[in-house]
Amino acid sequence: MRRFVLAALFLLTAVAAHAVEPSERLADPALEARARVISSQLRCLVCQNESIDESGADLAHDIRMFVRERLTAGDTNAQAVQALVNRYGSFVLLKPPVEPATYVLWYGPPLLLGIGLVGTLVWLKRRQTTPAEAEPLSADEARRLDGLMRGTDV
Amino acid sequence: MKRLVYLLPLVLFMGLAGYFLVALRPNHDVHELPSVMIDKPAPAFDLAGLGDPKPLALEALKGHPFVINFFASWCVPCRLEHPLLMRLSEQNHIPLYGIAYKDKPADSARLLANFGDPYRQVGIDQDGRVGLNFGVYGVPETYVIDSKGIIQKRFVGPLTAEAVDKELLPLLKKLGQS
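Chains A and B, in that order, are what the protein sequence lines are.
Just so we're aligned: 139 in the numbering used here is position 131 of the first sequence, and the numbers increase by one with no gaps anywhere.
Just so we're aligned: 136 in the numbering used here is position 38 of the second sequence, and the numbers increase by one with no gaps anywhere.
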């Protein structure tokens with residue numbers, strides 16, 4: 009039984025494991041926590057769709073060590089990230105920054121939504137105006153309708 | 099006015115086709131990252147020399163344009179470009195310097211002993227820190243640096259004969275004259 013519990017425990021903890029190796033961790037838990045936050049926001053340039061926190065690639069390891077060194081040396085989070093952007097460009101950021109090159113990315117979808125909304129409104133408005141208010145029947149038409157209803161067409 | 103609406107799909111199609119023409123052109127790798135280091139000073143380095151008591155330092159290389167090639171013995175595409183590097187050094191006599199990226203010095207030395215050594219000097223970057231400072235994300239990578247130490251050009255992946263003849267050599271010639 010104890011063996012079973014132990015195995016289950018190991019299995020459960022294995023899920024939470026990351027690529028960060030024990031030897032990489034900083035002694036100071038506050039610094040280590042900051043390093044983890046930064047790592048989760050950086051793209052691994054070899055695998056390109058993983059953060060360096062998750063990636064087992066060699067380069068990801070190097071960048072994790074680099075981030076920890078910078079933090080230990082007294083960098084703020086922003087300074088450590090900027091040091092990497094200076095080397096690799098803003099592509100290392102998993103969340104792209106808002107800058108002229110990414111305007112289409114950030115503002116394109118809301119713009120398209122806006123165009124669609126305006127187009128729909130214009131279309132709806134135009135459709136409504138035509139059949140909305142029919143003119144009341146003239147005296148002649150009213151009489152003819154009466155006749156039709158009674159079944160005696162004139 | 100009404101008629102123009104019927105041209106809209108055509109215009110949209112032309113726009114898309116134009117985009118794909120640019121984005122999917124041959125020899126264009128979408129995974130290749132634009133370098134932010136172009137026109138910026140090369141990061142300083144002072145590396146232990148491979149089989150050479152003299153270190154490989156950026157400061158010592160300034161004064162003439164030169165080429166830095168990041169390589170490793172474990173890197174397969176490096177073998178691919180190796181004959182081209184030999185040609186560059188033996189026929190074109192370009193100032194080519196190597197940086198052994200994340201490689202055991204003994205392995206780098208064996209590679210150069212077996213296949214020939216195209217480099218004037220080789221620096222050992224075993225922990226990859228100089229590579230990281232350059233923004234290297236895979237070997238081989240090749241950098242053209244001018245006499246003031248400014249990075250002028252970066253080649254990601256193995257050099258090709260076409261890239262060498264059409265870009266690298268003309269650029270070096272231009273840098274050497276100015």
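For every residue, glycine included, the Cβ atom is placed at its ideal position computed from N, Cα and C.
To the nearest angstrom, report how far apart residue i and residue j are at their CA atoms.
i         : j         : result
Gly159(A) : Ala147(A) : 19 Å
Leu183(B) : Phe213(B) : 11 Å
Pro277(B) : Glu260(B) : Beyond the ends of chain B as shown, which are 99 and 276, falls residue 277(B); an answer cannot be given.
Asp205(B) : Ser171(B) : 6 Å
Gln49(A)  : Ile222(B) : 31 Å
Ser245(B) : Leu148(B) : 24 Å
Arg218(B) : Ala155(B) : 13 Å
Glu77(A)  : Thr110(A) : 30 Å
Asn190(B) : Ser133(B) : 26 Å
Val23(A)  : Leu102(A) : At Val23(A), the pLDDT of 48 sits below 50, so the modelled position is not reliable and the matter cannot be decided from this model.
Pro256(B) : Ala140(B) : 21 Å
Arg177(B) : Ser31(A)  : 33 Å
Phe253(B) : Asn85(A)  : 31 Å
Gly116(B) : Leu122(B) : 10 Å
Cys52(A)  : Leu145(B) : 26 Å
Arg227(B) : Pro203(B) : 15 Å
Leu267(B) : Pro163(B) : 11 Å
Phe169(B) : Val13(A)  : 49 Å
Pro193(B) : Gly274(B) : 11 Å
Ala25(A)  : Leu209(B) : Confidence in Ala25(A) is poor, its pLDDT being 49 and thus under 50, which makes the residue's placement too unreliable to answer from.
Arg101(B) : Tyr241(B) : 55 Å
Terminal residues of the continuous alpha helix (DSSP H) containing residue i?
i         : result
Glu149(A) : Ala147 to Arg158
Asp223(B) : Unbroken run through Asp223(B) is the beta strand (DSSP E), Gln219 to Asp223; no alpha helix (DSSP H).
Cys176(B) : Val174 to Glu188
Ala88(A)  : Asn85 to Tyr96
Gly113(B) : Lys100 to Ala121
Asp205(B) : Pro203 to Phe213
Gly229(B) : Arg227 to Phe232
Using the DSSP secondary-structure output, state which residues sit across from residue i in a beta bridge.
i         : result
Phe168(B) : Ile197(B) and Glu239(B)
Ser1(A)   : A question about residue 1(A) goes unanswered here, because the residues of chain A that appear run from 9 up to 162.
Arg252(B) : Tyr241(B)
Ala158(B) : Paired residue(s): none; Ala158(B) is not in a bridge.
Leu101(A) : Leu50(A)
What did DSSP end up calling residue i once you bin it into helix, strand or coil?
i         : result
Arg51(A)  : strand
Phe143(B) : coil
Thr80(A)  : helix
Lys246(B) : coil
Thr258(B) : coil
Leu267(B) : helix
Lys152(B) : coil
Ser31(A)  : helix
Val122(A) : It is worth fixing the name first, because residue 122(A) is Gly in this sequence and not Val. Residue state, collapsed to three classes: helix.
Glu40(A)  : helix
Pro163(B) : coil
Ile71(A)  : helix
Pro108(A) : helix
Val134(B) : coil
Pro144(A) : coil
Ala16(A)  : helix
Pro124(B) : coil
Gly274(B) : helix
Pro117(A) : helix
For residue i, return the contacting residues in chain A, with the cut-off set at a CB-CB distance below 8 Å.
i         : result
Pro235(B) : A quick correction: the sequence has Tyr, not Pro, at residue 235(B). Near Tyr235(B) (Cβ distances below 8 Å), the residues of chain A are Leu53, Val54, Leu67 and Tyr96.
Val254(B) : The contacting residues do not exist; Val254(B) stays about 11 Å from chain A at best.
Strictly below 9 Å CB to CB, what residues from chain B border residue i?
i        : result
Asp70(A) : Lys200, Asp225, Gly226, Arg227, Gly229 and Leu230
Phe74(A) : Arg227 and Leu230
Residues of chain A with CB under 7 Å from residue i, in chain order?
i         : result
Val242(B) : Result: empty, since nearest Cβ-Cβ is about 18 Å, beyond 7 Å.
Val120(B) : What Val120(B) touches in chain A: nothing, since even the nearest Cβ is about 14 Å away.
Val103(B) : In chain order: nothing, as chain A lies at least about 12 Å away.
Between residue i and chain D, is there a C-beta pair that is closer than 8 Å?
i         : result
Asp144(B) : Absent from the structure is chain D; the protein chains it does hold are A and B.
Listing by chain order, which chain A residues have their CB less than 9 Å from the CB of residue i?
i         : result
Val165(B) : Near Val165(B) there are no residues of chain A at all, since even the closest Cβ is about 20 Å away, more than 9 Å.
Val109(B) : Chain A residues near Val109(B): none, gap ~15 Å exceeds 9 Å.
Val174(B) : Neighbours of Val174(B) on chain A: none; closest Cβ ~15 Å, over 9 Å.
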